[in-house]
Structure formats: C-alpha cells, structure tokens
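Peer 1:
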Amino acid sequence: MGRAEARRARQGSARRAKRTERKSGIRRFFTWKKILGAFLGVCLLGILGFVGLYLYVDVPTDGNADAKLQSNVYKYSDGKVLARVGRLNRENVALNRIPKDVQRSFVAAENKTFYQDSGVDLKGTLRGIFNTLRGQGKQGGSTITQQYVKNYYLSQEQTVSRKLQEIVISLKVDNKLGKDKILAGYINTSYYGRGAYGIQAAAQAYFRKDVEKLTVSEGAYLASLLQAPNQYDWTLASPAGKKRVQERWAYTLNNMVEMHWLSPQERAKQKFEIPKDPKPLPGLTGQASYLVTEAKKELFAQGVDEKQFEAGGWTVTLGIDRKKQKDLEKAVQRKLTDELDPKTRKVDADAQLGATSVDPKSGHIVAMYGGAGYPKHYTNNATRADYQPASTFKPLILASAMENNATTTNGVPITPNTVYDGHNRRPVVGGDIPFAPPNEDEAQYGNISVQTATNNSVNAVFAQMGADVGLDKVKQTAVSLGMDGSRIDVKPAMTLGTMGASPLQMAGVYATLDNHGKKVTPTLVTEATHSVNGAEVKLPLKDPVGDQVLSRKTADTLTSVLTGVVNDGTASQAVKNTAYSAAGKTGTSDDNKSAWFVGYTPKLVTAVGMFGESPKGGAQVSLKGTGGGGRVNGGGYPAKVWADYTEAALNGSPGPDFDLEATLGAGVPPTPTPTPSDTPSTSPSPSEKPSKSPSPTPSKPSTPPSTPPSGRPSDPSTPTGGTSSDPTNGGTQGGDTGGDATGGTTTGPGGNKVNSMPGFN
C-alpha cells in the first residue's frame with residue numbers, strides 16, 4: 017500500500033470514529049429526523065385541536081344584549097348624585113345608506129385586504145396572543161371581521177381564550193355572512209367617541225348630518241377615529257392628538273388612492289373638515305358637563321377602556337364639594353358676569369373665566385369652573401392650556417434659583433433679599449440672546465429686593481434672574497412642579513410666562529408650594545367602581561400627592577414671599593386684610609389676552625384665569641375694555657373672584673396660619689445690610705414716570721414687620737451687556753397692576769425720591 021492509500025485509510029477511520037462519537041450519549045435522541053418528526057407531530061396536534069375547536073364553537077345566535085347596558089353614575093364627594101349618564105346612542109343603518117366612498121374609507125383605514133382575506137389575520141392574531149400572554153394588553157392586527165365579531169358577539173376582555181373564540185367565529189362568520197353584511201355590522205357596532213355607537217350616531221355627533229350626506233373626507237375622519245376615539249376627538253385632543261388624527265386621515269385617503277378607489281386628482285381636492293363641537297350629554301348642563309367630561313378623561317388616562325366604560329355600570333365619585341362648587345359659581349357671577357353687558361359692550365362677549373380649587377393635602381379638586389357650560393361654551397376653561405400664565409410663572413424662577421443654589425453673576429446667592437436692578441428695559445446680562453423686556457407701564461425701579469420685585473411683578477428683575485439660574489434649569493423646575501414641558505420654549509421670554517398653561521396646572525404648581533414641596537397633581541376622581549357579573553370591582557387610582565420635588569425650605573420661603581403680593585403687591589386691592597392667611601401671585605399677559613390670580617391659604621389653593629376669546633372662531637383676543645374699564649389685570653376680576661370664593665369656601669373662618677420653615681420672605685425681616693445685585697443700571701435715573709416701591713408687611717400682626725432693603729448703588733465697574741427687547745423672543749410681555757393707587761411721592765430703593773404712579777401698585 018502506498019503512502020497516499022494509507023493516508024486515505026487513516027482519514028476514513030477518523031470520519032467513522034467521529035460519526036460514532038456524534039451518535040453516542042444524548043445526541044442519539046436529537047437527530048434532525050426526530051426533531052422534524054416532533055415538529056410535525058405538534059403541528060398535527062395543533063391542527064386537530066383547532067378543528068375540534070372549530071367544530072365545538074358555534075356562532076352565537078344573538079349579539080350582545082343592549083338590555084345589559086347600564087347608566088354611569090357620577091357622585092359628589094358626599095355621595096350625592098351629580099349626574100346619571102347612560103343611553104345607548106346607536107341607530108343601525110343599511111349599507112346602501114352609507115356612501116360607497118365612506119364605506120371604502122373604513123376598509124382603507126382598518127383592513128386593506130378585507131375583500132380578499134378569510135376573515136382572520138393569522139400573523140397579526142398570533143402577535144396579539146403573544147402580547148396578551150406577555151401582559152401588554154391591546155395589540156394585534158385584527159381584521160374588520162374580527163373586530164365586528166368582538167363588538168357584536170364577544171366581550172372586550174383581553175384573554176387568550178376570548179382571542180381563540182374570536183378566530184373561530186370570524187372564520188365562520190366570514191363564510192356565512194359575506195363581506196357586505198360584515199362591513200355593515202362593523203360600521204354599525206363600532207364606538208366613535210362622544211357616546212356614539214355606529215356611523216349614523218357618529219355622523220350626527222361630529223358633523224350634524226345623516227350618514228347619507230357624509231363626504232369622503234368626513235368618512236375618512238370617522239374611520240380614523242376608531243383607533244383612539246377620545247384622543248382623536250378634535251374638541252378634546254391635545255395638539256399632538258390633532259396632528260396624529262390628521263396624519264391618520266391622510267393615511268386613509270392615500271390608501272384609497274393606492275387601491276384605486278380615489279383618483280389622485282380627487283385626493284388633492286380633499287380638505288380636512290373640522291368636526292362640530294360636541295352636543296351636551298342628555299341631562300347635563302352647566303358645570304356638570306365639564307365635570308363629567310374631565311372625570312372620563314382621567315379614567316381613560318388611567319387605562320379604563322373607553323368603549324367598556326360607555327357601556328355603563330360604573331359609579332364614579334368625584335372630590336367635588338357641593339358647597340364649594342356652588343360658592344365658586346356664585347363668586348364668578350357676583351364678581352364677573354353680573355358686571356358684563358355684551359349687548360352694550362362687544363368686548364364683554366369675549367370674556368372667559370376658568371378656575372380650579374384644590375385641597376393641597378389630598379390633591380383632590382374640590383371645585384371647578386369651566387365656563388358657561390354646554391351648549392354655550394364647550395371648551396373647559398379650567399383645563400385649557402393655550403393661554404399664557406404670565407407673571408404667575410415668576411415664583412418658579414425664584415424656586416429654581418433656591419433649589420439650584422444659583423447666584424448672581426457676582427456670586428451673590430439668590431434669595432428673596434437679594435437686590436437686583438429693576439430699571440425698565442435693562443438689558444439682561446449673561447444670556448445667549450439679547451433681551452431687555454419692559455416693566456409694566458414702562459415703570460422705573462432702582463435697586464430693589466427680589467421680594468419687592470415679586471410684589472410688583474418687575475419684569476427686569478426676573479428676566480435677569482432667569483439668566484442667572486439658567487433657563488434649562490428653570491424649565492426643569494417648572495416641569496417637576498407639573499407644567500407641560502412641551503409648551504415651554506427655552507428662550508429668555510419664558511421668564512415672563514409666555515408658555516401655555518391651564519388653571520388646573522397652575523393650581524397644582526401652587527398646591528405643591530402649599531404642601532411644603534410635595535408634588536400635588538390635582539385629581540378629580542377619588543373612587544371608581546365597576547359592576548362585573550354582579551360584583552363591584554374597584555379601580556386602583558394613582559395617589560394625587562407624590563414625592564418631594566422642592567425642599568421644604570424652598571417651598572415655604574416661596575409661600576412667605578407670596579404673602580407680600582397679597583399684602584403689599586399687585587393683589588392687595590382685592591385680597592388684603594383678610595381674616596385668613598393668604599399667599600398668591602397675579603399675572604397679566606402680553607396684549608392683555610389673559611389675566612390670572614393663583615392664591616392659596618393653608619387649606620385651599622385656587623387658580624383663576626381669565627381669557628379673551630372671540631365668539632367667532634375662538635381666536636385669542638384682548639380683554640382690554642371688559643366691564644367698561646381699561647386693561648384687565650390679575651389683581652382685578654381674577655383676584656376678586658378668588659377672594660369672594662375663598663371667603664365663602666372657608667365659611668368666614670380665619671383658619672390656621674401657614675406653618676413655615678422659611679428663613680426669608682415677606683413674613684420674615686430681611687438682613688440688616690442686604691447685598692446689592694451685581695448688575696448695574698443701564699437706564700437713566702427714574703424720571704417723570706417711575707412707580708413707587710411698596711414696603712411689604714407681614715401677613716399676621718404677630719410677625720415682625722418687613723421693610724424693603726435700602727440697596728446701595730450698583731458697582732459701575734460691573735459690565736452691562738444685552739440690547740433692546742427682541743420681539744421675536746417674546747415681545748413686550750407685561751407685568752401686573754393691582755388696582756387704584758393714590759399718587760404722591762415716596763422714597764424709592766437707594767434713597768431716591770420718586771413719583772408713585774396712579775393705577776400701578
């Protein structure tokens with residue numbers, strides 16, 4: 017044997033040895049043939065099981081009985097019934113009553129293969145079952161047939177057994193009924209929001225017309241609604257929700273073009289039709305309409321299925337105190353609406369007011385005013401967030417400064433006693449964007465303390481303070497207190513409150529201050545139970561009171577500072593000399609489109625916002641001239657409504673004083689020799705149009721009096737910086753005025769004699 021043959025013999029022996037080795041031990045049981053056989057066996061068992069299930073499960077003879085539907089009951093905090101809402105709003109219509117383009121819009125939106133599939137999307141269904149097993153809830157590409165079966169024959173529960181039933185019944189229904197009957201059933205049983213089941217009810221609810229008159233654009237909107245009725249309802253949707261439903265609408269129409277149901281030319285002509293405002297629910301008028309709508313939004317946000325909820329059987333208890341609710345409504349009437357005369361003054365028809373009152377310890381909303389009520393005014397003014405909170409935002413800048421141990425550019429710690437230059441249109445030092453905002457009425461101040469600047473809402477001071485703290489940090493503090501970060505642009509003008517905010521949000525911010533820095537998220541629903549097969553199931557709700565987001569020292573110091581606004585500042589004309597301890601802040605926005613007062617006592621926090629809204633189209637308009645006066649300030653109607661309501665809500669009782677652990681503020685004497693701000697004045701000395709700088713006084717006689725610091729002249733060697741106001745960055749946001757001051761001469765900060773301005777406090 018040659019060497020080549022010997023080598024081949026050795027290699028063959030090695031291969032035989034390896035094969036023998038591979039077959040030894042546990043490997044003998046897992047050959048590819050055995051694995052394939054096992055797989056095929058499992059598949060066969062699955063097929064046999066499915067065949068058995070198919071033979072076992074029948075299509076129910078009747079759908080879900082409407083008789084099982086119940087009312088939803090809403091109760092006040094004392095258990096008295098606020099409202100009963102429950103009537104199945106559905107009218108089935110034949111498919112031939114629904115325009116062909118509208119029919120097709122539902123197929124294009126929900127199930128493009130509807131006319132070709134067997135009624136089941138196996139891939140999507142398996143994904144849905146897998147996600148259900150993983151506890152991820154509603155997910156999984158159901159066909160129109162499957163959705164119809166779920167709506168008409170089955171429940172809305174998310175279980176594997178219900179999903180398997182859905183598959184079997186869908187296959188049988190698709191074979192038995194045919195596509196037209198399935199599509200008609202689907203369109204007639206789907207829930208569209210606003211309590212509307214079926215397309216006829218939806219056509220009336222959203223467009224005030226019968227189904228026959230729907231356009232393809234309107235049909236595409238209704239088809240788009242089915243994905244998220246509450247989020248996509250144009251009246252209720254957030255800006256993000258409105259954007260998403262428009263994208264969904266466009267997606268539906270584009271699919272119709274792709275499927276040759278709509279020509280590109282016809283598609284180009286389509287315009288998104290804004291739905292009509294919702295009609296009031298049966299039996300709901302006035303404030304009850306807002307309360308019920310807001311309660312539902314809270315429940316849906318906590319995971320309650322909207323369609324299941326609308327089917328009834330829920331008892332929802334609100335934190336609304338019946339007496340306080342009436343007190344708030346009467347205060348609005350006495351201090352605002354009774355003084356308006358829209359027939360004589362057109363501007364009076366533009367005035368809107370919203371208010372939210374919160375218990376700072378529990379976080380529960382005890383009273384809410386949303387406007388004139390359905391059908392006069394659909395937007396809830398208490399929850400709308402499209403108007404500027406203006407100077408009610410300024411305390412958050414000081415809070416951020418204290419929480420971040422911020423200093424002025426000269427390294428002086430920022431406290432209520434820190435002295436700043438309050439001259440009108442003084443350029444901000446240290447900012448990336450030139451900014452020099454005017455004070456209200458172009459009022460001039462010299463060197464004043466932060467306390468005095470807060471009392472008088474001096475824009476120049478807070479614009480500089482925002483730059484000293486850092487605008488990003490100010491935003492972080494605002495968001496941590498409950499403001500919507502998506503509405504806050506990190507620009508110098510944010511220091512003047514140019515973002516959007518609602519009375520509900522601002523009540524939460526100030527309730528957190530009142531609650532010594534523990535986060536308060538105002539909540540309307542205190543309890544929700546659902547009747548399931550005769551048993552009451554209680555919904556677990558989130559606690560409105562959360563973690564500590566501000567140190568107690570910061571929160572309490574802010575409260576102390578804000579007592580100065582009530583006693584000596586812009587709210588003093590309406591709120592001063594109350595029997596109870598009070599703190600708060602006014603706000604008057606750019607162009608006088610909004611005016612605010614957010615105030616609180618140790619037991620009650622109430623945010624009152626007044627807005628200018630055109631009755632035609634809802635555009636923001638100025639409040640100037642409302643009630644026959646001039647500018648509407650936060651210290652005017654909003655503070656008067658607040659004071660009238662708070663007096664009644666507290667039953668005339670003085671209540672406890674604030675329990676504060678503060679080291680500085682209106683209720684605590686300032687240090688004898690305050691440190692002046694490092695930023696010098698770049699404006700001339702106060703001239704013919706300066707304002708007085710009032711001296712804050714304590715909220716209670718037992719507290720030592722506080723006087724404004726007699727700031728020393730600024731160091732002329734300190735660099736200035738900044739230029740004139742940048743209108744693209746917020747324009748000329750105003751401060752606040754607080755009623756009718758008498759004229760005269762007083763000694764201003766720095767020892768200068770200045771003239772006090774009538775009408776500015």
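Numbering-wise, this note's numbering comes out as the position in the sequence shown, counting from 1, plus 16.
Glycine residues also receive a C-beta, built at the ideal position from the N, C-alpha and C atoms.
All values derive from a computational prediction rather than experimental measurement.
Consult DSSP for I336 and reduce its assignment to one of helix, strand or coil.
Peer 2: The residue labelled residue 336 in the question sits at position 320 within the sequence shown. Coil, per DSSP.
Peer 1: Indicate whether the contact test is met: 3 or more Cβ pairs, each with one atom in the region 309–325 and one in the region 259–274, closer than 8 Å.
Peer 2: Because the criterion of three Cβ pairs below 8 Å is not met, the region 309–325 and the region 259–274 do not touch.
Peer 1: From G257 to D402, what does the alpha carbon distance come to, in whole angstroms?
Peer 2: Translated into positions along the sequence shown, residue 257 becomes position 241. Translated into positions along the sequence shown, residue 402 becomes position 386. C-alpha separation (whole angstroms): 15 Å.
Peer 1: Residues bridged to K91 by DSSP?
Peer 2: Working through the sequence shown from its first residue, we reach residue 91 at position 75. Looking at the DSSP assignment, K91 forms a beta bridge with V97, T333.
Peer 1: Nearest by alpha-carbon distance to E282: which of E289, F288, V273 is it?
Peer 2: In the sequence shown, the residue the question calls residue 282 occupies position 266. The residue with the shortest Cα to Cα distance from E282 is V273.
Peer 1: Which stretch, first to last residue, makes up the alpha helix (DSSP H) that contains Y526?
Peer 2: For the purposes of this step, residue 526 is taken as the residue at position 510 of the sequence shown. Segment 519–530, the alpha helix (DSSP H) holding Y526.
Peer 1: Can you tell which of V227, L238, A406 has the C-alpha that lies nearest to the C-alpha of A479?
Peer 2: For the purposes of this step, residue 479 is taken as residue 463 along the sequence shown, with counting starting at 1. Considering only alpha carbons, the answer is A406.
Peer 1: In this structure, does DSSP put P450 in helix, strand or coil?
Peer 2: To locate residue 450, count along the sequence shown from 1; it is residue 434. In the structure shown, P450 sits in coil (DSSP, three-state: anything other than H, G, I, E or B).
Peer 1: Going by beta-carbon coordinates alone, are T528 and G498 separated by less than 9 Å?
Peer 2: On the sequence shown, position 512 is the one that residue 528 refers to. On the sequence shown, position 482 is the one that residue 498 refers to. The answer is yes: Cβ separation under 9 Å.
Peer 1: Look at the alpha carbon of Y207 and the alpha carbon of S240, and state the distance between them as a whole number of angstroms.
Peer 2: Taking the first residue of the sequence shown as position 1, residue 207 is located at position 191. Taking the first residue of the sequence shown as position 1, residue 240 is located at position 224. Using only the alpha carbons, I get a separation of about 12 Å.
Peer 1: Starting from Q368, follow its DSSP beta bridges and name the residues at the other end.
Peer 2: Translated into the one-based positions of the sequence shown, residue 368 becomes position 352. Paired residue(s): F627.
Peer 1: With G122 as the anchor, note down where its beta strand (DSSP E) starts and where it stops.
Peer 2: Sequence index remark: in the sequence shown, residue 122 carries index 106 (1-based). One point to set straight first is that residue 122 is Phe, not Gly, in the sequence displayed. No beta strand (DSSP E) contains F122, which is instead part of the alpha helix (DSSP H) from 116–126.
Peer 1: Which class does Q132 belong to by DSSP, given the choice of helix, strand or coil?
Peer 2: Residue mapping note: residue 132 aligns to position 116 of the sequence shown, counting from 1. Q132 falls in the coil class under three-state DSSP.
Peer 1: If you scan the region 442–515 from start to end, which runs of the beta strand (DSSP E) of 3 or more residues do you find wholly inside it?
Peer 2: Runs found: 463–465.
Peer 1: Identify which residue in A544, P560, D563, G562 has its Cα closest to the Cα of V554.
Peer 2: As a working mapping, residue 554 is identified with position 538 in the sequence shown. The sequence given here places Lys at residue 554; Val does not occur at that position. The option with the nearest alpha carbon to K554 is A544.
Peer 1: Going residue by residue through the region 556–617, where are the continuous beta strand (DSSP E) segments of at least 3 residues, counting only ones entirely within it?
Peer 2: Counting only runs of 3 or more, we get 561–564, 599–604, 610–616.
Peer 1: In this structure, does DSSP put M384 in helix, strand or coil?
Peer 2: The sequence position of residue 384 within the sequence shown is 368, counting from 1. In this structure, M384 counts as strand in the three-state DSSP scheme.
Peer 1: Taking 8 Å as the line, does the beta carbon of V474 fall inside it for any heavy atom of the ligand FAD?
Peer 2: Looking for the ligand FAD in the displayed structure turns up nothing, as the structure carries no ligands at all.
Peer 1: Does the Cβ of G427 have 16 or more other Cβ atoms within 10 Å, making it buried, or fewer, making it exposed?
Peer 2: One-based indexing of the sequence shown puts residue 427 at position 411. Classification for G427: exposed.
Peer 1: T573: which of Y461, V101, I430 sits nearest, CA to CA?
Peer 2: On the sequence shown, position 557 is the one that residue 573 refers to. Comparing Cα positions, the closest option is I430.
Peer 1: Enumerated in chain order, which unbroken segments of the alpha helix (DSSP H) with a length of 4 residues or greater are wholly contained in the region 405–432?
Peer 2: The qualifying runs are 410–419.
Peer 1: Which partner residues does K534 have in the DSSP bridge list?
Peer 2: Locating residue 534 in the sequence shown gives position 518, where the first residue counts as 1. The partner list for K534 (beta bridge, DSSP) reads Q564.
Peer 1: Applying the 10 Å Cβ sphere with the 16-neighbour rule, what's the burial state of A551?
Peer 2: Locating residue 551 in the sequence shown gives position 535, counting from the first residue. Exposed: under 16 other Cβ atoms inside 10 Å.
Peer 1: On the criterion of 16 or more Cβ atoms from any shown chain inside 10 Å, does N471 qualify as buried, or is it exposed?
Peer 2: As a first step, residue 471 is located in the sequence shown; it is residue number 455 there, counting from the start. Its Cβ being crowded by 16 or more others within 10 Å, N471 is buried.
Peer 1: Could you give the distance in angstroms between the alpha-carbon of D3 and the alpha-carbon of V541?
Peer 2: The requested residue 3 is not part of the displayed model; the chain covers only 17 to 777.
Peer 1: Restricting to Cα atoms, I'd like to know which of V582, A459, V637, P450 is closest to D606.
Peer 2: The residue given as residue 606 occupies position 590 in the sequence shown. The option with the nearest alpha carbon to D606 is V637.
Peer 1: Could you tell me if T333 is buried or exposed, where buried requires 16 or more neighbouring beta carbons within 10 angstroms of its beta carbon?
Peer 2: Within the sequence shown, residue 333 is the residue found at index 317, counting from 1. It is buried - the Cβ of T333 has at least 16 other Cβ atoms within 10 Å.
Peer 1: Leaving out five residues before and five after E126 in sequence, what residues of the same chain have Cβ atoms less than 6 Å from its Cβ?
Peer 2: As a first step, residue 126 is located in the sequence shown; it is residue number 110 there, counting from the start. Around E126: I160.
Peer 1: Whole angstroms are fine: how far does the CA of T331 sit from the CA of N396?
Peer 2: Indexing the sequence shown from 1 puts residue 396 at position 380. Indexing the sequence shown from 1 puts residue 331 at position 315. When rounded, the distance between both Cα atoms is 23 Å.
Peer 1: Between G615, K489, A517, which lies nearest to V506 when the distance is taken from Cα to Cα?
Peer 2: Here residue 506 corresponds to residue number 490 of the sequence shown, with the count starting at 1. Taking only the C-alpha atoms, the option nearest V506 is K489.
Peer 1: Work out the CA separation of P291 and I203 for me, nearest whole Å.
Peer 2: In the sequence shown, the residue the question calls residue 203 occupies position 187. In the sequence shown, the residue the question calls residue 291 occupies position 275. Cα-Cα distance, rounded: 19 Å.
Peer 1: Is it right to say Y390 is buried, meaning 16 or more other beta carbons lie within 10 angstroms of its own, or is it exposed?
Peer 2: Here residue 390 is taken as the residue at index 374 of the sequence shown, counted from 1. Flag for Y390 reads buried.
Peer 1: Under a three-way DSSP split, which group does T251 fall into?
Peer 2: Against the sequence shown, residue 251 aligns to sequence position 235. DSSP places T251 in coil when its eight states are reduced to three.
Peer 1: If you reduce the DSSP assignment to three classes, tell me which class K554 lands in.
Peer 2: For the purposes of this step, residue 554 is taken as residue 538 along the sequence shown, with counting starting at 1. Correct three-state label for K554: strand.
Peer 1: Three-state secondary structure (DSSP) at R260?
Peer 2: Against the sequence shown, residue 260 aligns to sequence position 244. Of the three classes helix, strand and coil, the one that applies to R260 here is helix, per DSSP.
Peer 1: Looking only at its own chain, which residues have a Cβ that is under 7 Å from the Cβ of T689, when we skip the five neighbours before and after it?
Peer 2: To locate residue 689, count along the sequence shown from 1; it is residue 673. Because the pLDDT at T689 is just 38, under 50, the model does not fix this residue reliably, and the value given afterwards should be weighed accordingly. There are no such residues.
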